[in-house]
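Here the structure comes first, spelled out in structure tokens, and everything after it is commentary.
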Amino acid sequence: MAQKQDPRDIIIAELQAEVDYLMRTMKEVADVTDQVMEEQDRLHAIELENQGLRLRAESHERENAFKREVNTVYSSFIATQTSVLETLQRGKATGAAAPESVQTQLEALARKMACLNQSVEIMLDGGHPGPLLSEALEHWFKVRSGLGIDQKKVDTDYNRVRDFISYAGDKPINRYRYLEFQEFANLLAHVPASFSLKPEFKGMTQFEAAAHNRSLDPLKRHKTLTGKTIESNYLSPLNMIFHDMCAHHGFRSPLANVSIRISGEARASTDRLPIEVPELNKWFVHAAKESRGDSKWLPLLGTVAGARIGELIWLQKKDIYQVEG
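Count along the sequence shown from 1, then add 342; that gives the number in our numbering.
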């Protein structure tokens, strides 16, 4: 007559097999974690190469803290599974029934596995969430306003980043991905120039304005943004803010080492030929014969100062004075 197998042996064997499987899985996760960490370290080193030593130290400290966090959770997992096996082995040796605490320990083991998985997912997703782009924008705007940059340029860049937030959503700065910027650039190729100033587009988003303009008869469509405008007025501010703020917070910019391509459907810029010197001289001779002072001097001032007529007409006598040199 065959000897009946002890049910506890069956339970122990099943648990041992499950634990072995979990151990192999966790070992694979740990190996992948190390590989990803090494790759992330390499990318950080490239991106932050030209940043100050203080930012480098802070970035590495955050990475080391995360490694310690993962190692702590993994060590706790190992300790818990060891405790479960020891408890079952003691029960088998003494002939006692499996204690109820085993179930509690198994539940604790499952929770720690979930915690480890969550930590790995956070790491693979770029680390712990950084500040929202809208918050980073306010900080960036404040710093740039104190750099002596033309305030109109600072304000314009602020508004262009706001346009991107309206399109892609307000997310942590390390949660944006490359294709979101490329899709935004593709959309801009169809956005009517200065659409917010035209009653026909009142209350529309850029996406809605682009869709409405495309729905019009080709002969009635409004002129769209040029490729040069998209590059200088929209993509350039995005490159700057992600370069500056990602470096400040120790993240890799999603725009590092990549290029946003301008759609071939974007309107070509108008080529303006410069006025040649002989033509300028003819203009000056004609202007010198004018009786009105503004007609006489504005052409010369515009040429020397590089200012537009619309800017020069507001000049007053007190605005013109001799400076040293």
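Cβ coordinates follow ideal geometry from the N, Cα and C atoms, glycine included.
Continuous alpha helix (DSSP H) stretch holding residue 564: start and end:
Counting along the chain, residue 564 falls outside any alpha helix (DSSP H), and DSSP gives it neither H nor E.
Next item on the list: Kindly confirm or deny that the stretch 492-505 and the stretch 591-610 touch, where touching means at least three C-beta pairs closer than 8 Å.
Entry: With a cut-off of 8 Å, the stretch 591-610 and the stretch 492-505 do not count as touching, because too few Cβ pairs lie within range.
Same chain only: Cβ atoms within 8 Å of residue 533, ignoring 5 sequence neighbours per side: Excluding residues within five positions, the ones whose Cβ falls inside 8 Å are 548, 551, 552, 555, 566, 567.
*Taking just the CA atoms, how far does residue 504 sit from residue 542?*
Distance between the alpha carbons of residue 542 and residue 504: 22 Å.
Member of 574, 621, 354 whose CA lies at the smallest distance from the CA of residue 604 = Minimum Cα-Cα distance from residue 604 among the listed residues 574, 621, 354 corresponds to 574.
Taking Cβ positions, are residue 506 and residue 537 nearer each other than 8 Å? Not in contact: residue 506 and residue 537 (Cβ atoms no closer than 8 Å).
Review point. Comparing alpha-carbon positions, which option in 598, 658, 576, 601 lies nearest residue 535?
Key: Of the listed residues, the one whose Cα sits closest to residue 535 is 576.
Taking the alpha helix (DSSP H) that residue 552 belongs to, which residues open and close that run?
548-557 is the extent of the alpha helix (DSSP H) around residue 552.
Checklist entry - What three-state label does DSSP hand residue 489 in the structure shown? => result Three-state result, residue 489: coil.
(message) Applying the 10 Å Cβ sphere with the 16-neighbour rule, what's the burial state of residue 663?
(response) It is exposed - the Cβ of residue 663 has fewer than 16 other Cβ atoms within 10 Å.
Report task. With a threshold of 16 other CB atoms inside 10 Å of the CB of residue 628, please say whether the residue is buried or exposed. Result -> Exposed.
What's the C-alpha gap between residue 571 and residue 616?
Here the alpha carbon of residue 571 sits roughly 20 Å from the alpha carbon of residue 616.
Assign residue 596 to one of three DSSP states: helix, strand, or coil. Residue 596: coil per DSSP, three-state reduction.
| So is residue 491 buried or exposed if we call it buried at 16+ other beta carbons inside 10 Å? | It counts as exposed.
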